[in-house]
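To keep things clear, I will list the structure first and then write my remarks on it.
So this is what it looks like as structure tokens:
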């Protein structure tokens, strides 16, 4: 194989992958080669542009560390994450819609008792969250594991605060015998995704804003069901119509109800304004290997 | 913009790039979005596969340092580099064909006088290289700048030898008034591209070998001409027919002539076997901004 031209080079690369033992890997690399060569032939990059692309990808990798995943941000802001999400969640009636995992999930959040306050001094107005985990047909899923994580009232996650060395506004709860859970937190704000890296460079160069509407992340798991990765969005937030990662779904927008003083549902006497939300999450039955592969995908996600 | 499905997400991302001030950047990102979304819809990745891809790209970036560029290797082994090369070098009659820059070019190689020996103790049989730099119509290009870099007789570049702290088997020469140059080196070997990173993982998983046929890199520049980035391949080398980066062209395969003792062309008395090669390089006239953009692409290439 020698002397390839702008067309024959593609077949040469496809031929080089012919002996790949794993048929799925061969399928992926064959499709990747075809689409990426078509992209290159379409834009006809100069050497300078090719080199800029190499540098962009290199810097994107080098910004990543245990608290930051710039390639996930890139996937998010190019709509790839939500496309992969849509492909993997053709959801049946009665189940909650999904959205992006995002770059801020951390493995090992503290397991807390129901009713705990996860805010640990982070800023924001008090928020009482209660929810229920059910199957698509409405059966309560006792003991479901609920991971939650969110920004504070100024739009910051704990991992973005270098002066903090403990986790906050993230926890793991277990649903009670009726599939119910509740906890105290603070009302999150809309926020910009990290803007000082390569993804920020792309957003600036394309006159795109970096903001996401206010939301709380949930990852809910129960044996026999697919893990549910989703958000609840604050119905009053800015940016619901132009989330920079394309993650908003109408069914995930909920009222964060305004309350003033009085008694909270858990009997706590409230002094000043606070908020409350309530949501029922429906889980999709596991489809054998699909559930297994999602679970294994999530396990290393923040390792 | 909310509630995208597997098809409408693509238009949402394209719309987000509509206000990009630079029309070329808008064109590139529009084409990238279309092709990458088509790729994702084609392969329907699981979450685990998407996460594996994020991890692969992250590790690829993190392996890069001032001596190693894994994303260039990835581009090379997917045939992207040679495709970009082909698009940028639709060469007129009388000019030398081009091939990949590769990951081992280093800015700041020593400027040496004609006739110098660049091997500096690196292993291999002596090789006498002589050449000539001419225009497409055969006019000698006096004073042309010739960068050369190559592996040793065991297939290693200086930058792959952690115990070395000085450059070897790389230099910069200036052609004489007749466009001629000559220097001493060693006969290079075929070699594997770096195999211990993400690109090595890909080659192993696809049962591809990592080898390139023996070659010497040249980058030749002269005012008014496009920089020429090419190799000369040893006609007796293994892997000429299956270079792992798809870089071989028949016109770049030359005899590394066997000699035994006697007197070299520069008058040096030789004791034992040595080799000699001779090649005339034809440069393409600069086409305004094309030459400028190639030059600017090469300048930061090893920064």
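Protein chains in written order, with this note's numbering: chain A, 264 to 566; chain B, 264 to 566.
Here a beta-carbon is modelled for each residue, glycine too, at the ideal position from N, C-alpha and C.
Item checked: Whole beta strand (DSSP E) elements within the segment 337-411 of chain B, 3-residue minimum -> Within the segment 337-411 of chain B, the complete beta strand (DSSP E) runs of at least 3 residues fall at 389-398.
Checklist line | Among A:434, A:383, A:378, nearest to residue 528 (chain A) - alpha-carbon criterion | finding: The residue you call residue 528 (chain A) lines up with position 265 of the first chain. Looking at the Cα atoms, A:378 is the closest of the given residues.
Next item on the list: Provide the residue(s) that pair with residue 470 (chain A) in DSSP beta bridges, ordered along the chain.
Entry: Taking the first residue of the first chain as position 1, residue 470 (chain A) is located at position 207. DSSP lists no bridge partner for residue 470 (chain A).
Checklist line | Contact set between residue 471 (chain A) and chain B, taken where Cβ atoms lie within less than 9 angstroms | finding: Indexing the first chain from 1 puts residue 471 (chain A) at position 208. Listed along chain B are 279, 280, 282, 283, each with a C-beta nearer than 9 angstroms to that of residue 471 (chain A).
Checklist line | Limits of the beta strand (DSSP E) - the one that residue 484 (chain B) falls within | finding: Here residue 484 (chain B) is taken as the residue at index 221 of the second chain, counted from 1. Taken as a continuous stretch (DSSP letters only), the beta strand (DSSP E) holding residue 484 (chain B) covers 478-484.
Notebook entry, point to check: Comparing alpha-carbon positions, which option in B:460, B:490, B:500 lies nearest residue 511 (chain B)?
Noted result: Mapped onto the second chain, residue 511 (chain B) falls at position 248. When C-alpha distances from residue 511 (chain B) are compared across B:460, B:490, B:500, the shortest belongs to B:500.
Notebook entry, point to check: Is the shortest distance between the beta-carbon of residue 298 (chain B) and the beta-carbons of chain A less than 8 angstroms?
Noted result: The residue you call residue 298 (chain B) lines up with position 35 of the second chain. So, interface residue.
Next item on the list: Leaving aside the five residues before and after residue 389 (chain B) along the sequence, list all residues of the same chain whose C-beta is less than 6 angstroms from its C-beta, in chain order.
Entry: Residue 389 (chain B) sits at position 126 when you count from the first residue of the second chain. The beta carbon of residue 389 (chain B) lies closer than 6 angstroms to those of 537 in the same chain, with the five residues before and after it left out.
Next item on the list: Determine the burial state of residue 477 (chain A): buried for a count of at least 16 other Cβ atoms within 10 Å of its Cβ, exposed for fewer.
Entry: Locating residue 477 (chain A) in the first chain gives position 214, counting from the first residue. In this structure residue 477 (chain A) is buried. Its beta-carbon is surrounded by 16 or more other beta-carbon atoms within 10 angstroms.
Note to self: Let me check one thing: in DSSP terms, what residues is residue 455 (chain A) bridge-paired to?
What the structure shows: One-based indexing of the first chain puts residue 455 (chain A) at position 192. According to DSSP, residue 455 (chain A) bridges with A:474.
Check: If you run the structure through DSSP and keep just helix, strand and coil, what is residue 310 (chain A)?
Finding: Along the first chain, read from residue 1 onward, the residue named residue 310 (chain A) stands at position 47. Residue 310 (chain A): helix per DSSP, three-state reduction.
Check: Where does residue 560 (chain B) land, buried or exposed, given buried means 16+ other C-beta within 10 angstroms?
Finding: Counting from 1 along the second chain, the entry for residue 560 (chain B) is found at position 297. The predicted model places residue 560 (chain B) with a pLDDT of 49, which falls under 50 and marks its position as unreliable; any figure quoted below should be read in that light. In summary, residue 560 (chain B) is buried, with 16 or more beta-carbon neighbours lying within 10 Å of its beta-carbon over all protein chains present.
Note to self: Which residues in chain B have a C-beta closer than 9 angstroms to the C-beta of residue 448 (chain A)? List them in chain order.
What the structure shows: Working through the first chain from its first residue, we reach residue 448 (chain A) at position 185. Contact note: residue 448 (chain A) does not reach chain B at a C-beta cutoff of 9 angstroms; the least C-beta distance is about 24 angstroms.
Checklist line | chain A within 8 angstroms of residue 292 (chain B), Cβ atoms only | finding: If you number the second chain from 1, residue 292 (chain B) lands on position 29. Yes - at least one Cβ of chain A is within 8 angstroms of the one on residue 292 (chain B).
Next item on the list: Quick one: residues in its chain with C-beta nearer than 7 angstroms to the C-beta of residue 400 (chain B), no 5 flanking neighbours on either side, listed in chain order?
Entry: Translated into positions along the second chain, residue 400 (chain B) becomes position 137. For residue 400 (chain B), where only same-chain residues beyond five positions count, the Cβ hits under 7 angstroms are 357.
Notebook entry, point to check: From residue 277 (chain B) to residue 296 (chain B), what distance separates their C-alpha atoms?
Noted result: Numbered from its first residue, the second chain carries residue 277 (chain B) at position 14. Numbered from its first residue, the second chain carries residue 296 (chain B) at position 33. Rounded to whole angstroms, residue 277 (chain B) to residue 296 (chain B) spans 7 angstroms at the Cα level.
Notebook entry, point to check: Is residue 508 (chain B) helix, strand or coil when you go by DSSP?
Noted result: Taking the second chain and counting its residues from 1, one reaches residue 508 (chain B) at position 245. Looking at residue 508 (chain B) - three-state DSSP - the assignment turns out to be coil, as it is neither helix nor strand.
Next item on the list: Quick one: list the residues of chain A neighbouring residue 268 (chain B), beta-carbon separation under 9 angstroms, in chain order.
Entry: Here residue 268 (chain B) refers to the residue found at position 5 when the second chain is read from its first residue. Chain A residues near residue 268 (chain B): 349.
Item checked: Proximal chain B residues relative to residue 388 (chain A), where beta-carbon distance stays under 7 angstroms -> The residue given as residue 388 (chain A) occupies position 125 in the first chain. Residues of chain B whose Cβ lies closer than 7 angstroms to the Cβ of residue 388 (chain A) do not exist, since the nearest Cβ in that chain is about 26 angstroms away.
Next item on the list: Tell me whether residue 557 (chain A) sits in a helix, a strand or coil according to DSSP, three-state version.
Entry: Your numbering for residue 557 (chain A) matches position 294 in the first chain. Its pLDDT being 46, under 50, residue 557 (chain A) is placed unreliably by the model, and nothing is read from it.
Check: Going by C-alpha distance, which of A:282, A:300, A:294 is nearest residue 271 (chain A)?
Finding: Residue mapping note: residue 271 (chain A) aligns to position 8 of the first chain, counting from 1. That would be A:300, whose Cα lies nearest to the Cα of residue 271 (chain A).
Notebook entry, point to check: Since residue 456 (chain A) and residue 364 (chain A) are thought to touch, with beta carbons under 8 angstroms apart, how far apart are those beta carbons, to the nearest angstrom?
Noted result: Translated into the one-based positions of the first chain, residue 456 (chain A) becomes position 193. Translated into the one-based positions of the first chain, residue 364 (chain A) becomes position 101. Their Cβ separation, rounded to whole angstroms, is 13 angstroms, which puts residue 456 (chain A) and residue 364 (chain A) out of contact at 8 angstroms.
Notebook entry, point to check: Using a Cβ-Cβ cut-off of 7 angstroms (strictly less than) and excluding sequence neighbours within five positions of residue 547 (chain A), which residues of its own chain qualify?
Noted result: Translated into positions along the first chain, residue 547 (chain A) becomes position 284. Short of 7 angstroms from the beta carbon of residue 547 (chain A), and not among the five residues preceding or following it, lie these beta carbons of its own chain, in chain order: 354, 355, 358, 399, 488, 489.
Next item on the list: Identify every residue that forms a DSSP beta bridge with residue 548 (chain A).
Entry: To locate residue 548 (chain A), count along the first chain from 1; it is residue 285. According to DSSP, which records beta bridges pairwise, residue 548 (chain A) is partnered with A:488.
Check: For residue 345 (chain A), which residues in chain B fall below 8 angstroms Cβ to Cβ?
Finding: As a first step, residue 345 (chain A) must be located in the first chain, where it is residue number 82. Correct list: 267, 272.
Margin query: Considering Cα atoms alone, identify which of A:366, A:504, A:372, A:338 is closest to residue 428 (chain A).
Written below: Along the first chain, one-based indexing puts residue 428 (chain A) at 165. Of the candidates A:366, A:504, A:372, A:338, the one whose C-alpha sits nearest the C-alpha of residue 428 (chain A) is A:372.
Note to self: Can you find the residues in the same chain that come closer than 6 angstroms, C-beta to C-beta, to residue 332 (chain A), ignoring five residues on each side of it along the sequence?
What the structure shows: Working through the first chain from its first residue, we reach residue 332 (chain A) at position 69. Same-chain partners within the cutoff: 366.
Notebook entry, point to check: How would you write the range of the alpha helix (DSSP H) that residue 278 (chain B) sits in, first residue to last?
Noted result: Position 15 of the second chain, counted from the start, is the residue given in the question as residue 278 (chain B). Where residue 278 (chain B) is concerned, the enclosing alpha helix (DSSP H) stretches over 271-279.
Note to self: Taking the straight line between their C-alpha atoms, what separation do you get for residue 513 (chain B) and residue 281 (chain A)?
What the structure shows: Position 250 of the second chain, counting from 1, holds the residue named residue 513 (chain B). Position 18 of the first chain, counting from 1, holds the residue named residue 281 (chain A). Rounded to the nearest angstrom, the two C-alpha atoms are 24 angstroms apart.
Next item on the list: Compare the C-beta of residue 207 (chain B) with all C-beta atoms of chain A and state if any pair is closer than 8 angstroms.
Entry: This structure does not reach residue 207 (chain B), given that chain B is present from 264 up to 566, and the question cannot be answered.
Checklist line | Nearest candidate by alpha-carbon position, reference residue 453 (chain A), set A:504, A:397, A:328 | finding: Numbered from its first residue, the first chain carries residue 453 (chain A) at position 190. Closest by alpha carbon: A:504.
Check: Would the beta-carbon of residue 475 (chain B) fall within 8 angstroms of that of residue 506 (chain B)?
Finding: Along the second chain, read from residue 1 onward, the residue named residue 475 (chain B) stands at position 212. Along the second chain, read from residue 1 onward, the residue named residue 506 (chain B) stands at position 243. Their beta carbons are under 8 angstroms apart, which means residue 475 (chain B) touches residue 506 (chain B) by this criterion.
Next item on the list: For residue 303 (chain B), return the contacting residues in chain A, with the cut-off set at a CB-CB distance below 8 angstroms.
Entry: The sequence position of residue 303 (chain B) within the second chain is 40, counting from 1. At a C-beta separation below 8 angstroms, residue 303 (chain B) has these neighbours in chain A: 343, 346, 347, 350.
Check: Along chain A, in chain order, which residues have C-beta atoms closer than 9 angstroms to that of residue 324 (chain B)?
Finding: Along the second chain, read from residue 1 onward, the residue named residue 324 (chain B) stands at position 61. Residues of chain A passing the Cβ test: 320, 321, 322, 323, 324, 325, 326, 327, 333, 334.
Notebook entry, point to check: How would you write the range of the beta strand (DSSP E) that residue 444 (chain A) sits in, first residue to last?
Noted result: Translated into positions along the first chain, residue 444 (chain A) becomes position 181. According to the DSSP assignment, residue 444 (chain A) belongs to the beta strand (DSSP E) that extends over 443-449.
Check: Is it the case that the Cβ atoms of residue 569 (chain B) and residue 431 (chain B) are separated by a distance below 8 angstroms?
Finding: Outside the shown range of chain B, which is 264 to 566, sits residue 569 (chain B), and nothing can be said about it.
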